[in-house]
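In this note's numbering, the protein residues as written are 171 to 371. Glycine residues also receive a C-beta, built at the ideal position from the N, C-alpha and C atoms. Being a predicted model, the structure only gives us computed values, none of them experimental. See structure below.
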């Protein structure tokens with residue numbers, strides 16, 4: 171009887187150990203919530219630097235990794251944006267931006283990039299107008315299952331000033347401020363976000 175109890179105890183210990191090992195080795199990671207990715211951009215006009223806001227309606231995330239941290243999950247992940255699918259809340263303005271800016275670029279309507287985490291800092295490699303720019307500083311936060319990315323670009327770096335000039339000529343009077351001076355700014359602020367859910371594997 172004592173021998174049977176000992177054997178049963180050993181079996182239970184073995185089962186418990188297996189379950190404990192499995193729990194400890196269960197991998198947690200993240201995956202995007204479907205259709206939750208959003209990219210907002212803010213351009214500026216007039217000497218007062220008035221904002222013009224818009225969103226890209228089509229964003230794809232690829233090459234996401236497994237990992238318990240956002241650094242593991244997002245590092246080396248890539249994204250692509252169909253820039254001709256945009257909205258500013260003004261259909262007339264949307265068409266001008268599509269036809270007289272993004273539509274004039276090399277690789278028209280295509281924006282792509284990659285997230286890089288190195289030396290405890292985030293940067294983005296971004297390609298637009300057929301030009302790739304490395305080491306664009308980015309601020310990345312993760313809170314309440316929402317991953318947010320903030321950055322800023324200079325259109326001059328992407329050799330996009332000619333396209334900007336065309337857009338400015340089409341919207342010349344709309345880019346005048348109270349001082350009557352026409353101006354459009356080269357810098358554009360970016361704010362992207364995506365909802366994530368934790369997964370167990």
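- The beta carbon of residue 364 lies closer than 6 Å to those of 202, 206, 207 and 317 in the same chain, with the five residues before and after it left out.
- If the five residues before and after residue 211 are omitted, its C-beta is found closer than 6 Å to the C-beta atoms of 224, 358 and 360, all from its own chain and listed in chain order.
- Taking the C-beta atoms as reference points, residue 279 is found no nearer than 9 Å to residue 297.
- Taking a contact to require three or more Cβ pairs closer than 8 Å, the region 268 to 275 and the region 304 to 313 do not qualify as touching.
- A Cβ-Cβ contact shorter than 9 Å links residue 249 with residue 229.
- Residue 351 places its beta carbon 9 Å or farther from that of residue 321.
- Rounded to whole angstroms, residue 291 and residue 362 show a C-alpha spacing of 17 Å.
- The beta carbon of residue 255 lies closer than 7 Å to those of 226, 227 and 228 in the same chain, with the five residues before and after it left out.
- When DSSP states are grouped into helix, strand and coil, residue 254 belongs to the coil group.
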